[in-house]
Amino acid sequence: MSKLERIATFCGQCNCGCPELWIDPDATDEQRVVITDDFGQRIQMSLAQLHALVSDVKDGALDALLATTHS
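Take the sequence shown: its position 30, counted from the start at 1, is 187 in the working numbering, and no numbers get skipped.
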């Protein structure tokens, strides 16, 4: 079992098992980034994939979705 390094907790205002972003230093480059959710699931991706995801979000890729769920 590798030692995950916590990078960020999303929400963090409860004890429900908020989604978290981790780095797995022992994983391959393609699976280095780990995102866990409050249901015990996880996804793994590369740093390049995380960069693309963050860039798309910053550029507004999810704005329409968020506008419909928070109106």
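C-beta: ideal position from N, C-alpha, C; glycine also.
Around the beta carbon of Val214, a 10 Å sphere encloses fewer than 16 other beta carbons of the protein chains shown; the residue is thus reported as exposed. Membership of Leu222 in the alpha helix (DSSP H) is indicated by the continuous run 220 to 226. Ala205 carries a helical assignment under DSSP once its states are collapsed to helix, strand and coil. Around the Cβ of Arg189, a 10 Å sphere holds 16 or more other Cβ atoms; the residue is buried. Around Asp186, the same chain offers Ser203, Leu204 as residues with beta carbons nearer than 8 angstroms, after the five sequence neighbours per side are excluded.
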